[in-house]
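There are 2 protein chains.
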Amino acid sequence: MRRVTTADQIKQLILTRNLRTGDPLPTEAELCETLDVSRSSVREAIRTLSTLDIVDVRHGHGTYVGGMSLDPMVQALVFRGVLSPDGSLDALREVVEVRLALDLSMADKVVAAMEGTDVEELTEMVSEMVEKADRGEVFLEADRAFHTTLFAATGNRLAEQLVGAFWDVHTAVLPQLSVAMPADMQTTAHAHGDMLSAARAGDVEAYRRAVVEHYLPLQRALGVTVDR
Amino acid sequence: MRRVTTADQIKQLILTRNLRTGDPLPTEAELCETLDVSRSSVREAIRTLSTLDIVDVRHGHGTYVGGMSLDPMVQALVFRGVLSPDGSLDALREVVEVRLALDLSMADKVVAAMEGTDVEELTEMVSEMVEKADRGEVFLEADRAFHTTLFAATGNRLAEQLVGAFWDVHTAVLPQLSVAMPADMQTTAHAHGDMLSAARAGDVEAYRRAVVEHYLPLQRALGVTVDR
């Protein structure tokens, strides 16, 4: 059996005291006394928990319960993507495949949540992407915001975070692998608009088609053979 | 801009030296000299990278490049699931929804990979699950192995790891929330057999139906209203 670490004890304390994200943690001195461990053990545990985003160390302020985001996973996956043997694109292809799978599998929920709505914010993101693509510029921020906003509408916070996390992984890895930016990014920009229109019209099939269309330029850049 | 940390420098060194998972890292002394940082900075960085599974500290042996697994994400998500406000099951429902979505979205790839095959191992896992369910016993190991083995066949290592990771999250959280084990776990056990038969027969639609069936007892236990 794995020994109980100081980090485990601190997690247990967060639970028993019913602390929530943003709540302050007891001070280092208090933790030493309550858990009956050394100051260096507490420091090491706090560092570990901070890496996992389970606690949030705000220097000069104190330590708080963290957001438990997927950022640690992103860090490890980005690094794994960069580290692919022989500079192969396999890790990146896997990330894109998972993104596509998630988008398609949540399609009915996204469409159900968006049908008949008219969120100005999303329309503006699409306009921004199309305009930038027309000028040959990249549109990373609007792209990420578009995907996470659509998923946020489903109310599944984990799915929303996953979509954002995989977006981060692929966007961070792409330039490091010197994959040329797809020349046909206009297709992607416009496909976002098609996704949004289909979702608002309540048309799941059209939404799925736009999702597939949306990934084609990227998949071509990665040398993925796509069945159509 | 974020300052470059010693952990970043070590990651960079892994890249420039072309090190792979399992390769030994330079010694602490060498790292101090090469990176021109203090011993305590190196130790702290190694601890951080170890938490992220980017390096693997084998006590008494040395430090190696790690497996970059999804374990850090599992830890944070398990904790988040346990921590849901008011003991609500929302976090757990989200995990199950993402598992279902991944299973459905990768259905065609799983079926394509399994069609016409006859992997003894999978047949045995199904038998074990059915026998244990008949005796009213749990069948966690065979269950996890079944799902990851199916996904491994698709060749997408990230998808395989995600399936395993979410399985771990929900299985770790379930008992801590004192959700009663579903009485109808036999449905789940048998649905695994249906998934396998459908995949071998190359029938994507039957596979999807078996996937949905497979989650019903769990969803009922979590109070999810299921459209059928």
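Protein chains in written order, with the UniProt record's numbering: chain S, 1 to 228; chain P, 1 to 228.
For glycine and all other residues, C-beta sits at the position ideal for the given N, C-alpha and C.
As the structure is a computational prediction, the values presented were derived from the model and not from experiment.
Could you work out which residue in P:Asn156, P:Thr171, P:Trp167 is closest to Ala91 of chain S when comparing CA atoms only?
P:Asn156
Going by beta-carbon coordinates alone, are residue 229 of chain P and Met73 of chain S separated by less than 8 Å?
Examination of residue 229 of chain P is not possible in this model, given that chain P is present from 1 through 228 alone.
Is Met68 of chain S near Arg200 of chain P, with beta carbons less than 8 Å apart?
no
Run through chain P and tell me which residues come within less than 7 Å of Thr51 of chain S, C-beta to C-beta.
Thr48, Thr51, Leu52
Indicate whether at least one CB of chain P lies closer than 8 Å to the CB of Ser197 of chain S.
no
Any beta carbon from chain P within less than 8 Å of Gln219 of chain S's own beta carbon?
no
Anything in the segment 90–106 of chain S with a Cβ closer than 9 Å to a Cβ of chain P? List those residues in chain order, please.
Asp90, Ala91, Arg93, Glu94, Val95, Glu97, Val98, Leu100, Ala101, Leu102, Asp103, Leu104, Ser105, Met106
Asp56 of chain P bridges to which residues according to DSSP?
P:Tyr64
For Pro217 of chain S, which of helix, strand or coil comes out of DSSP?
helix
Taking Cβ to Cβ, would you say Leu77 of chain P is nearer than 8 Å to Val169 of chain P?
yes
Phe151 of chain P: which of P:Met129, P:Lys132, P:Met125, P:Val111 sits nearest, CA to CA?
P:Val111
Interface residues of chain P around Met125 of chain S at Cβ under 7 Å?
Here the premise fails: no neighbours, minimum Cβ distance about 23 Å.
Taking DSSP as the reference, what is the three-state secondary structure of Pro24 of chain S?
strand
Between which two residues does the alpha helix (DSSP H) harbouring Met106 of chain P extend?
First-last for Met106 of chain P: undefined, no H or E at that position.
Would you report the Cα separation of Thr130 of chain P and His190 of chain P, rounded to the nearest angstrom?
Note that residue 130 of chain P is Val in the sequence shown here, rather than Thr. Rounded to the nearest angstrom, the two C-alpha atoms are 6 Å apart.
Got a sec: is the Cβ-Cβ distance from Leu15 of chain P to anything in chain S below 8 Å?
yes
Compare the C-beta of Lys132 of chain S with all C-beta atoms of chain P and state if any pair is closer than 8 Å.
no
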